[in-house]
Structures are given as structure tokens and as C-alpha cells.
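Q: Here's a structure for you.
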Amino acid sequence: MFRARLLSPDSREPVDDVLAACFPTPHSYTGEDVVEISTHGGLAVPAAAVAALVAAGARPAQPGEFTRRAVLNGKMDLLQAEATADLIDAGSPAQRRRALHQLERGLSDRLAALRGEILELEALIAYEIDFPEEDEGPVSPERVRGAWGVVRDRVSDLLKTAPEGERLREGALLVIAGRPNAGKSSLFNALLGTERAIVTEIPGTTRDAIEAHAVIEGFPFRLVDTAGLRDSDERIERMGIEFSKRYLDAADLILFCRDTEEDRLPDVGQKPVVEVVTKSDLPDRPSGRPDLRASVSVVTGQGLGELRRRLAAVAFGRLLALGDVEPVVTRARHRAALERAAVELDGFWAARQAGVDAAAAATHLRAAVAALDDLIGAVTPQDVLDRVFAAFCVGK
Ligand SMILES: Nc1nc2c(ncn2[C@@H]2O[C@H](COP(=O)(O)OP(=O)(O)OP(=O)(O)O)[C@@H](O)[C@H]2O)c(=O)[nH]1
Ligand SMILES: [Mg+2]
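Take the sequence shown: its position 142, counting from 1, is numbered 142 in our numbering, and each next residue is one higher.
Below you can see the structure in the form of C-alpha cells.
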């Protein structure tokens, strides 16, 4: 690192007094020789510095180009590159911890181990491949079954983390629903920590769905306040209620506000529902469903802490149980590759059961390994790279 003077290449006019840091190959981020130049801040100085460098033959980087080069030069795998983007985008502690874990090869190491186990499984049946006429190889069928079962369970366990892992990147869609005046907007504001939605004593105050990001117990949520559900002849309110229903369909979980004993949530199928009796500071509150009994008051704050914990547990219970050490699948790309591996492992077992010869059965194991290689990014086609890096910002 040294201090230097940046000159315009044509006029030799000084542009800025800068700091230059040299990272010789292979110890730089990309693995190539890299010089980082720190200029003074603001708008004019950095722009003039970039213009001078471009005039001297440089070109602006494309989005994610540095990380892409790091992948191509073997400095990191594709999962770590994705984790880099996730780390930059992280808006909550849970997202940051998860991205860091993946950047430190949490998922990569688990997949590498899994890959090794599948290759060992192939080795177990190698004798049968070499001596197909023999009745029984030196390895018992139980041992093959055991090794297959271990691998198959590992793939299943990873796939089970996918719904919450993907939810962790997007934020859990939490829709607040209930009758008009039930206290939905008040609770929405309380969970957000700001007065975002209008609250009045007039039923039908909220007519539009309002969405906002919130961090609850360290986890990311997309909180939606909705128009109260009732039969209404009023055109705008009816449109709002239609919106509410659409959000209910899309929700990851629903927070149902009960204001009276008669309040009923419309049918929401299998979706998880957290129910609260609102306005618990007032006398004569409804009792609520005994199994879901919980009450809150935005006036006294009673029950809000407990409610936050329940919401986090319902939306991210599996991740909470896993803690920060177990790898988690966080993208549709990961899920698709693991599903392919699972199908091939099942194909292997079905082939064994059907008495298919060992060499043919082993092709399923190869295909499962190929699926894991795609996931880690061992051999990555151009279009996959393009898709992964499309979401990056310039300079990363
Ligand atoms: N005492 C008390 N009043 C509350 C509480 N929560 C909400 N209220 C009052 O209940 C009324 C309705 O609150 P909102 O939050 O606007 O209810 P809403 O469900 O959003 O109503 P709509 O938008 O009309 O569907 C307002 O007068 C609030 O001040 C509470 O915890 N305690
Ligand atoms: Mg409201």
C-alpha cells in the first residue's frame, strides 16, 4: 500500500492524491494481479479518476465480474459466489449469519463429503462391475444398502431445509388478517416499530394492502397489512378485500387478529396461522381458540414479545432448531440440483432391486455426482454463470 498521484494520461494533469494497494497473484480476491486505488470521495474526483484510468486503457467492470473471475480462477466455488451476493444483500442478522456460513464453505464442504460418499458407494459395487458372472461379490448387499441409505438421507435432510432457506433470502410473507377494526394496522405498526399504516376507530380504514420489510427476532419478514374482511357494498373497500384474499393465498403465514368471539378466519387451507386476541388492555376480551390462546395490546405492549417469538418459530422453526452450524439450501438452483441427485439415487436403488447389472446401476451414481458438481460449480456452463452473476452489483 502506498500513496500515489493519479495523472491524466494525456495532459499529465494531476487528478487526485490516492492510496494504491497491490495484491499480487494468487493472493488477491480474483487470483489475478490486482491494484486497488482509493481516491478521495464525492462525485467529481472518483469520476475523473475512472475517466483517467479508462483513457489509459482500462474498462469498467461488469456486474459481479470480480467474483466471476474469482470463480473461474478457482478462488471460490459457485456457492461461495452466491453467498457473497447474499452477504451484501443481507438485511437481517439471520441472513448475514447464513451467508457468512456459506461463504466459509458450510454447504460446499457438506456437498463435497456427500460426493465422496457416493463415489465410495460406487467403489463398493466395483467388484460386481469387474466380475459380473460371480454370484456374490466380497461386499454384502446389506453394506451397499447401508451406504446408500446414509447418502440418500443426507440429500433428504438438505432438501428439507430448502423451504425455509429460500424464505430466508426473500423474507417470510406474513399477512395480517381479520375483521375491520380488529387492530390489524395497529399491530402492523407495532411489529414494524413505526407508524406506517393509518389507524382510526372507523371500521374499513385500511383499503389497500401495505407491505413493509421487518426484522423479527433477527429473521426477515415481509409484513402485509390488509383491508379488514367483511361483506361490503362499497367499491373501493371491496377491491381492498379482493387484494387481502390474494395476499392470503400467497402468504407463508397468517397473523389472524381476533377482536370478538364471532370472528372467523376464511379458509386458508394448510397455511400456518398464528392467532391473537387484540386489545388485551380492554375489559371483556374474547377467549380465542384455547390451543392458540395468546393476546396482545399495542397500548401496553403486553404479549408483543411472545408474539414475535411465535412468528419467528412458525416461519423459521427448522432453521432455529438447526442453529448456525448446519448447512442450509437457500436457492431454487440448489433445490433443483439436489432433487436431481435424489432422483438418481432412487434410480440406483430401483435398478439394484430389479437386478439390473452393476455397471448400468452405477450410471445413476455418476449422474448424482454430476448433479452435485453442477451445484458446487465444478464445471459450470456459461449460462449458469450468467444467471448467478446477473444479480450482482458492479464492483463485486
Ligand atoms: N385499547 C386498545 N385499542 C386498540 C388496540 N389496538 C387497536 N386499537 C384501536 O382499535 C381501533 C382500530 O384499530 P386499527 O389498527 O385501525 O384496526 P384495523 O384492523 O386496521 O381496522 P381496518 O383497517 O378498518 O380494517 C383504533 O381505534 C385503535 O386505536 C389496543 O391494543 N388497545
Ligand atoms: Mg387497518
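Built from N, CA and C at the ideal position, the CB exists for glycine as well.
Can you tell me the Cα-Cα spacing of Arg285 and Gly204, whole angstroms?
A: Along the sequence shown, read from residue 1 onward, the residue named residue 285 stands at position 285. Along the sequence shown, read from residue 1 onward, the residue named residue 204 stands at position 204. Using only the alpha carbons, I get a separation of about 21 Å.
Q: Using 8 Å as the Cβ pair cut-off and three pairs as the minimum, do the segment 189-197 and the segment 257-269 touch?
A: Because the criterion of three Cβ pairs below 8 Å is not met, the segment 189-197 and the segment 257-269 do not touch.
Q: Looking at the unbroken alpha helix (DSSP H) that takes in Gly64, where does it start and where does it end?
A: In the sequence shown, counting from the first residue as 1, residue 64 sits at position 64. Careful: Gly64 lies outside any alpha helix (DSSP H) and carries neither H nor E.
Q: Between which residues of its own chain and Leu111 is the CB-CB distance below 7 Å, once the five residues before and five after are set aside?
A: As a first step, residue 111 is located in the sequence shown; it is residue number 111 there, counting from the start. Excluding sequence neighbours, Leu111 sits near Leu372, Leu375 and Ile376.
Q: Is Ser185 near ligand 2, in the sense that its beta carbon is under 6 Å from a heavy atom of that ligand?
A: Within the sequence shown, numbered from 1, the residue matching residue 185 stands at position 185. Because some heavy atom of ligand 2 lies under 6 Å away, the Cβ of Ser185 counts as near it: yes.
Q: Note down the Cα distance separating Val369 from Asp357, rounded to an integer number of angstroms.
A: Numbered from its first residue, the sequence shown carries residue 369 at position 369. Numbered from its first residue, the sequence shown carries residue 357 at position 357. Going by the C-alpha atoms only, they are around 20 Å apart.
Q: Report the rounded CA-to-CA distance for Val273 versus Ala214, giving the unit in angstroms.
A: If you number the sequence shown from 1, residue 273 lands on position 273. If you number the sequence shown from 1, residue 214 lands on position 214. Each residue's alpha carbon lies about 18 Å from the other.
Q: Closer than 8 Å is the cut-off here; do at least three beta carbon pairs connect the segment 173-190 with the segment 220-235?
A: The segment 173-190, when compared against the segment 220-235, does touch it at the 8 Å Cβ threshold.
Q: Please confirm whether any heavy atom of ligand 1 lies closer than 6 Å to the CB of Gly317.
A: Along the sequence shown, read from residue 1 onward, the residue named residue 317 stands at position 317. The answer is no for Gly317.
Q: If you scan the segment 1-70 from start to end, which runs of the alpha helix (DSSP H) of 4 or more residues do you find wholly inside it?
A: You should have 44-55.
Q: Report whether the distance from the Cβ of Lys245 to the nearest heavy atom of ligand 1 is below 6 Å.
A: Within the sequence shown, the letter at position 245 stands for residue 245. Every heavy atom of ligand 1 is 6 Å or more from the Cβ of Lys245, so no.
Q: In terms of alpha-carbon separation, which member of Leu304, Thr67 and His27 lies closest to Asn189?
A: On the sequence shown, residue 189 is found 189 positions in, with the first residue counted as 1. That would be Leu304, whose Cα lies nearest to the Cα of Asn189.
Q: I'd like to confirm something about Asp282: is its beta-carbon nearer than 6 Å to some heavy atom of ligand 1, or not?
A: Looking up residue 282 in the sequence shown gives position 282. Here residue 282 is Leu; the residue named in the question, Asp, does not match the sequence. For ligand 1, at least one heavy atom lies less than 6 Å from the Cβ of Leu282.
Q: Quick one: Cα of His101 to Cα of Ile236, how far?
A: As a working mapping, residue 101 is identified with position 101 in the sequence shown. As a working mapping, residue 236 is identified with position 236 in the sequence shown. Cα-Cα distance, rounded: 47 Å.
Q: What residue does the alpha helix (DSSP H) around Arg333 start on, and which one ends it?
A: Taking the first residue of the sequence shown as position 1, residue 333 is located at position 333. Element bounds for Arg333: Ala332 to Gln353.
Q: Out of curiosity, what's the CA-to-CA distance linking Ala162 and Arg335?
A: As a working mapping, residue 162 is identified with position 162 in the sequence shown. As a working mapping, residue 335 is identified with position 335 in the sequence shown. Going by the C-alpha atoms only, they are around 6 Å apart.
Q: Going by the beta-carbon positions, is the gap between Val151 and Glu122 smaller than 7 Å?
A: Indexing the sequence shown from 1 puts residue 151 at position 151. Indexing the sequence shown from 1 puts residue 122 at position 122. Cβ atoms of Val151 and Glu122: not closer than 7 Å.
Q: Just to confirm, are Leu72 and Val175 a CB contact at a threshold of 7 Å?
A: By 1-based counting over the sequence shown, the position of residue 72 is 72. By 1-based counting over the sequence shown, the position of residue 175 is 175. Result no, Cβ atoms of Leu72 and Val175 do not sit closer than 7 Å.
Q: Report back the beta-carbon spacing between Ile216 and Ala312 to the nearest angstrom; my notes put them in contact at under 8 Å.
A: Start at 1 with the first residue of the sequence shown, and residue 216 comes out as number 216. Start at 1 with the first residue of the sequence shown, and residue 312 comes out as number 312. Confirmed, Cβ separation roughly 6 Å.
Q: Is Glu262 helix, strand or coil when you go by DSSP?
A: Here residue 262 refers to the residue found at position 262 of the sequence shown. Coil, per DSSP.
Q: If I follow the unbroken alpha helix (DSSP H) through Val144, where does it start and stop?
A: Here residue 144 refers to the residue found at position 144 when the sequence shown is read from its first residue. Its alpha helix (DSSP H) spans residues Pro141 to Lys160.
Q: Ordered along the chain, which non-local residues of its own chain (more than five positions away) have a Cβ less than 6 Å from that of Ile458?
A: With the chain running from 1 to 396 in the structure shown, residue 458 is simply not present.
Q: May I ask you to list the residues that DSSP assigns as paired with Ala368?
A: Translated into positions along the sequence shown, residue 368 becomes position 368. BP columns for Ala368 are empty, so no partner.
Q: Quick one, which of Ala48, Arg12 and Glu82 has its alpha-carbon nearest Cys393's?
A: Within the sequence shown, the letter at position 393 stands for residue 393. Considering only alpha carbons, the answer is Glu82.
Q: What does the alpha-carbon distance come out to for the pair Pro104 and Glu164?
A: If you number the sequence shown from 1, residue 104 lands on position 104. If you number the sequence shown from 1, residue 164 lands on position 164. It is worth fixing the name first, because residue 104 is Glu in this sequence and not Pro. Spanning the two alpha carbons is a distance of roughly 20 Å.
Q: Is any non-hydrogen atom of ligand 1 found closer than 6 Å to the C-beta of Ser297, if you look at the structure I gave you?
A: Taking the sequence shown and counting its residues from 1, one reaches residue 297 at position 297. Because some heavy atom of ligand 1 lies under 6 Å away, the Cβ of Ser297 counts as near it: yes.
Q: Just grab the DSSP bridge partners of Val224 for me.
A: Numbered from its first residue, the sequence shown carries residue 224 at position 224. Bridge partners of Val224: Val175 and Glu211.
Q: In terms of DSSP beta bridges, what is Ile274 paired with?
A: Counting from one through the sequence shown, the residue named residue 274 turns up at place 274. With the sequence shown as reference, residue 274 is identified as Val, and Ile is not the correct amino acid for it. Leu255, per the DSSP bridge assignment.
Q: Using the DSSP secondary-structure output, state which residues sit across from Ile216 in a beta bridge.
A: Your numbering for residue 216 matches position 216 in the sequence shown. For Ile216, which the question treats as bridged, DSSP gives the partners Phe219.
Q: Which residue marks the beginning of the alpha helix (DSSP H) containing Ser186, and which one marks its end?
A: Working through the sequence shown from its first residue, we reach residue 186 at position 186. Start and end: Lys184 to Leu192.
Q: With a cut-off of 8 Å on the beta carbons, I'd call Lys396 and Thr84 a contact; round off their distance for me.
A: Here residue 396 refers to the residue found at position 396 of the sequence shown. Here residue 84 refers to the residue found at position 84 of the sequence shown. Right, the Cβ-Cβ distance comes to about 7 Å (below 8 Å), so this counts as a contact.
Q: Whole angstroms is fine: what's the gap from Ala342's alpha carbon to Val155's?
A: Mapped onto the sequence shown, residue 342 falls at position 342. Mapped onto the sequence shown, residue 155 falls at position 155. Cα to Cα, the separation comes out at about 7 Å.
Q: In three-state DSSP terms, what is Ser108?
A: In the sequence shown, the residue the question calls residue 108 occupies position 108. Helix.
Q: Let's see if you can read the secondary structure: which residues bound the alpha helix (DSSP H) around Pro283?
A: What you label residue 283 is simply residue 283 of the sequence shown in a count that begins at 1. Neither: Pro283 is in no alpha helix (DSSP H) and is coded neither H nor E.
Q: Could you pull out every residue in the same chain whose Cβ sits closer than 7 Å to the Cβ of Glu326, ignoring the five residues on either side in sequence?
A: As a first step, residue 326 must be located in the sequence shown, where it is residue number 326. Same-chain partners within the cutoff: there are none.
Q: Kindly indicate which three-state DSSP category Ser405 falls into: helix, strand or coil?
A: Residue 405 lies beyond the range of the chain shown here (1 to 396); nothing can be said about it.
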